[in-house]
C-alpha cells in the first residue's frame with residue numbers, strides 16, 4: 007500500500 | 332466558561348457516529364464563531380473537518396477560545412445515553428479537565444448530567460486552502476453509500492471518473508469488475524434526489540474504499556453529499572448539517588502503480 011500518499015503531501019502543517 | 336445548548340441533540344449524536352471510527356482522539360475547538368474539529372485518522376491519509384456554527388445553537392456562550400481534547404469513543408458512549416429527542420448542552424469551565432454533557436428530555440421531566448474526562452492531545456492542524464475543483468458531483472447521500480458498499484464487496488479501491496457523460500464509479504477485484512455510471516438527473520420530484528455534475532474538465536482518481544465507506548457513516552446527517560474532485564488534491568466528501576455547518580472528509584488519492 008505504498009501507493010497511498012499521506013495528506014501532508016498536499017496540505018501544509020499549520 | 333463554555334455553554335452550548337443544542338435543541339436538536341440528535342445532530343451531535345449523529346456527528347459522533349459519523350466520525351468516531353475514523354478518528355480516535357480529537358481536539359474540539361470552541362470560539363465565538365462555532366464549535367469545530369479537525370482531525371486526521373491514525374495513518375494521516377484521511378481527515379475530518381466539522382463545523383457547527385454558533386448561530387445553530389439555541390444558546391451559545393464561549394468566553395474565550397478553548398480546545399478540548401476528547402476520546403471520541405468515550406464521547407460517543409456518553410452521547411448514546413441521550414435520547415434522540417433530547418436537548419444536549421455541552422458545558423466546560425476554564426482550566427477544567429472535564430466536560431459535562433447535559434441531556435434534557437423534550438418535556439423537561441428527565442435531566443441527566445454526564446461528566447467526561449478531557450485529555451491532552453498533540454494534534455497536527457493542516458492548512459486547507461480554498462481550491463478550484465475540476466468536478467463537483469452532488470448526489471443523494473444514500474445512493475453514494477449504496478455504491479461504496481456494493482463496490483467494496485468486489486474490490487478495495489474505487490476509481491471515480493467524471494466526464495460529460497456522467498460520473499463513473501469503478502472497481503476491480505479477484506472475482507471481477509464493476510462499473511456504476513450515474514448521469515446528471517435534475518428532473519426529480521425532490522431536489523435532494525437530484526444528481527448534479529458540475530465539470531470544468533474531466534477527472535479520474537482512485538481512492539481506498541475502506542475510507543469512503545467510513546465517510547458514509549455520515550449519511551444520516553444529510554440527504555445529499557457533495558464530492559469535489561481534482562487531480563493533485565485530496566477528494567472532499569461533504570455532508571451539510573442543516574442550518575448549522577458541515578462534516579467534510581478529505582482523502583488523498585492513490586497513485587496509480
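Residue numbers (the working numbering), protein chains in the order written: chain A, 7 to 20; chain B, 332 to 588.
Note that beta-carbon positions come from the ideal geometry of N, C-alpha and C, so glycine has one too.
Predicted model, so just to flag it, every value in this text is computed and none were measured.
Open item on the list: To be precise: take each residue of the stretch 454-468 of chain B, compare its Cβ to all Cβ atoms of chain A, and keep it if any distance is under 7 angstroms. Which residues remain?
Closed with: 455, 456, 457, 458, 459
TODO: May I ask you to verify whether the stretch 484-493 of chain B touches the stretch 533-546 of chain B, counting CB pairs closer than 8 angstroms and requiring at least 3?
DONE: yes
Task: Inter-residue Cα distance where the pair is residue 584 (chain B) and residue 567 (chain B) - done: Numbered from its first residue, the second chain carries residue 584 (chain B) at position 253. Numbered from its first residue, the second chain carries residue 567 (chain B) at position 236. Between residue 584 (chain B) and residue 567 (chain B), the C-alpha separation is close to 11 angstroms.
Task: Enclosing alpha helix (DSSP H) for residue 348 (chain B) [first to last residue] - done: As a working note, residue 348 (chain B) is residue 17 in the second chain. Its alpha helix (DSSP H) spans residues 341-350.
- [ ] Select from B:403, B:385, B:466, B:465 the residue whose C-alpha is nearest the C-alpha of residue 449 (chain B).
- [x] On the second chain, position 118 is the one that residue 449 (chain B) refers to. Comparing Cα positions, the closest option is B:403.
Open item on the list: Which residues in chain A have a C-beta closer than 7 angstroms to the C-beta of residue 376 (chain B)? List them in chain order.
Closed with: As a position in the second chain, residue 376 (chain B) is number 45, starting the count at 1. Result: 10, 12, 13.
- [ ] Determine the DSSP secondary structure at residue 518 (chain B), reduced to helix, strand or coil.
- [x] As a position in the second chain, residue 518 (chain B) is number 187, starting the count at 1. Three-state result, residue 518 (chain B): coil.
Open item on the list: How far does the beta strand (DSSP E) with residue 480 (chain B) in it extend, from its first residue to its last?
Closed with: For the purposes of this step, residue 480 (chain B) is taken as residue 149 along the second chain, with counting starting at 1. Segment 472-483 is the alpha helix (DSSP H) holding residue 480 (chain B); no beta strand (DSSP E) there.
TODO: Between the Cα of residue 334 (chain B) and those of B:398, B:378, B:420, B:363, spot the shortest distance and give me the residue it belongs to.
DONE: Here residue 334 (chain B) is taken as the residue at index 3 of the second chain, counted from 1. When each option's Cα is compared against that of residue 334 (chain B), the closest is B:420.
Task: Whole-angstrom distance between residue 496 (chain B) and residue 575 (chain B), CA atom to CA atom - done: If you number the second chain from 1, residue 575 (chain B) lands on position 244. If you number the second chain from 1, residue 496 (chain B) lands on position 165. Taking the straight line joining both Cα atoms gives about 34 angstroms.
- [ ] Please check if any C-beta of chain A sits within less than 8 angstroms of the C-beta of residue 522 (chain B).
- [x] By 1-based counting over the second chain, the position of residue 522 (chain B) is 191. No, because no Cβ of chain A sits closer than 8 angstroms to the Cβ of residue 522 (chain B).
Open item on the list: Using CA atoms only, rank isn't needed, just tell me which of B:361, B:441, B:513 is closest to residue 471 (chain B).
Closed with: Your numbering for residue 471 (chain B) matches position 140 in the second chain. Closest option to residue 471 (chain B), Cα to Cα, is B:513.
TODO: Evaluate contact between the stretch 524-533 of chain B and the stretch 497-516 of chain B, counting only Cβ atoms and requiring at least three cross-stretch pairs below 8 angstroms.
DONE: yes
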